[in-house]
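Numbering (this note's numbering), first residue to last: 20 to 457.
In what follows, a structure is listed as structure tokens, so that the remarks can point back to it.
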Ligand code: PFF
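Here you go:
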């Protein structure tokens with residue numbers, strides 16, 4: 020029985036919607052296609068899906084149970100569950116640091132999305148040729164005033180929601196809006212698939228060419244899996260602390276991971292046929308989605324409405340993720356440093372906005388934050404989270420937590436093997452190999 024006065028999510032759909040709201044975001048629709056494009060397509064996709072299921076789901080369950088068992092922010096969670104193992108508090112701090120880093124560049128991309136929403140509303144996207152769209156993205160993303168203005172607006176919205184608190188702020192939006200985004204992406208997929216030359220895009224995405232798989236491709240796939248699932252840094256642990264005892268954590272992790280992967284793959288299906296049909300370079304980098312999708316809207320009937328709805332919903336998907344990132348920092352500041360929630364939010368959001376400005380001005384910082392968070396911080400966080408649940412928390416407590424909803428926890432033995440041995444070793448090898456040390 021819990022007698023805490025902590026805010027909590029209401030019911031099963033609320034929990035899944037909030038966790039899925041964190042997982043589904045720019046990572047699926049902006050980052051996934053651009054990283055797939057840079058890493059050769061089909062083979063990357065296979066490795067990615069393997070990581071989601073073999074490592075992502077076990078790490079997500081671990082985070083959920085760390086959060087729910089401790090009822091604390093990520094730092095406090097490790098301290099409460101293992102007071103004699105200060106090392107893991109460093110992992111908590113690392114997670115808070117990662118939140119700063121991710122949100123800094125994430126808010127910049129969300130700012131681009133706001134600009135595209137604005138352009139779509141003013142009907143300024145549909146009259147552009149493919150070459151003009153690419154040129155527009157380039158000149159916009161290289162400018163400073165516009166991207167900074169939108170980024171500041173986005174961070175203000177994020178902070179506003181976080182100040183409102185978890186249940187009122189986060190849960191309400193996700194429940195209704197994510198299903199609508201899903202439907203729009205499906206419509207985009209259909210339109211993209213009908214473009215002349217779409218076949219090449221499908222082949223790129225679904226026909227694995229294993230000669231393209233290198234150590235760094237595998238690490239990118241792992242990093243993308245962690246980024247997309249929001250795992251490895253305490254977001255899911257923080258949300259886990261708001262989940263009621265009756266919820267089944269394993270089912271939550273599985274549902275969220277499947278929904279997240281489905282949306283990423285659908286985004287790929289919407290984008291790659293168009294990439295090839297319009298002669299865009301699949302390894303164009305972070306601009307890929309912004310340069311590609313407006314071409315699809317141009318070609319389809321109802322393109323105006325769909326473009327407005329799509330970019331608007333993408334902003335909202337980004338918000339439900341950015342809120343989860345900011346929440347990690349705010350929960351830490353308010354519970355550990357005893358700051359009031361409002362002040363904590365304002366301070367964290369201001370510092371992150373400052374870092375975001377640096378990302379806008381210096382491309383290299385943007386790329387450094389983007390790659391370092393996914394390919395270094397999250398995988399390392401993942402190793403320690405797996406080790407923590409596998410070796411420190413142990414089987415009995417894990418089983419107890421997974422059974423807390425009243426049912427019987429199956430698969431605990433299997434989960435423990437993954438957490439104790441397979442995940443740490445696999446992540447370790449992929450990481451060391453990917454950075455060229457193995
Ligand atoms: N998973 C989010 C997305 O795919 O857009 C981004 C994200 C949120 C990454 C929270 C990491 C995180 F902790």
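Virtual Cβ for every residue (Gly too), placed ideally from N, Cα, C.
Check: Inter-residue spacing [alpha-carbon to alpha-carbon] between residue 202 and residue 320; Outcome: 16 Å
Check: Three-state secondary structure assigned by DSSP to residue 22; Outcome: Confidence at residue 22 is low in this model, with a pLDDT of 40, below 50, so its placement is unreliable and the value that follows should be read with caution. In the structure shown, residue 22 sits in coil (DSSP, three-state: anything other than H, G, I, E or B).
Check: Coarse secondary structure for residue 429, derived from DSSP in three states; Outcome: coil
Check: Secondary structure of residue 4, DSSP reduced to three states; Outcome: Here the chain comprises residues numbered 20 to 457, so residue 4 is not present and cannot be evaluated.
Check: Near the ligand PFF: residue 46 beta-carbon under 7 Å from a heavy atom; Outcome: yes
Check: Alpha-carbon to alpha-carbon, residue 392 and residue 23; Outcome: Low local confidence applies: a pLDDT of 43 at residue 23 is under 50, so the model's placement there is unreliable, and no value is given.
Check: For residue 332 and residue 299, the rounded distance between their alpha carbons; Outcome: 24 Å
Check: Beta-carbon spacing of residue 19, residue 170 below 8 Å; Outcome: Given a span of 20 to 457 for the chain in the structure shown, any question on residue 19 remains unanswerable.
Check: Pairwise C-alpha distance: residue 48 and residue 283; Outcome: 6 Å
Check: For residue 355 and residue 21, the rounded distance between their alpha carbons; Outcome: Only weak support exists for where residue 21 lies, its pLDDT of 40 falling under 50; the value from the coordinates is given anyway. Going by the C-alpha atoms only, they are around 21 Å apart.
Check: Between the CA atoms of residue 178 and residue 342 - distance to the nearest angstrom; Outcome: 7 Å
Check: Beta strand (DSSP E) runs contained entirely in the stretch 101-189, provided each spans 3 or more residues; Outcome: none
Check: Residue environment, residue 409, which counts as buried when at least 16 other CB atoms sit within 10 Å; Outcome: buried
Check: The alpha helix (DSSP H) enclosing residue 386, as first and last residue numbers; Outcome: 382-391
Check: Cut-off 7 Å between Cβ atoms - residues of its own chain near residue 206, not counting five sequence neighbours on either side; Outcome: 325
Check: Cβ contact (3+ pairs, closer than 8 Å) linking the stretch 266-277 and the stretch 125-139; Outcome: no
Check: Residue 229, enclosing alpha helix (DSSP H) - first and last residue; Outcome: That residue, residue 229, is in no alpha helix (DSSP H); it is neither H nor E in DSSP.
Check: Same chain only: Cβ atoms within 6 Å of residue 364, ignoring 5 sequence neighbours per side; Outcome: 178, 181, 182, 349
Check: Inter-stretch contact at 8 Å, needing at least 3 Cβ pairs: the stretch 381-395 / the stretch 77-88; Outcome: no
Check: Any non-hydrogen atom of the ligand PFF within 7 Å of residue 252 CB; Outcome: yes
Check: At least three beta-carbon pairs within less than 8 Å, the stretch 297-317 to the stretch 111-120; Outcome: no
Check: Nearest-angstrom Cα separation, counted from residue 377 out to residue 454; Outcome: 25 Å
Check: Where residue 397 falls, given that 16 or more other Cβ within 10 Å makes a residue buried; Outcome: buried
Check: Close-in-space but distant-in-sequence residues of the same chain around residue 142 (CB under 7 Å, 5 per side omitted); Outcome: 323
Check: Check: residue 344 C-beta below 7 Å from any heavy atom of the ligand PFF; Outcome: yes
Check: Buried or exposed (CB count within 10 angstroms, at least 16 for buried), residue 38; Outcome: buried
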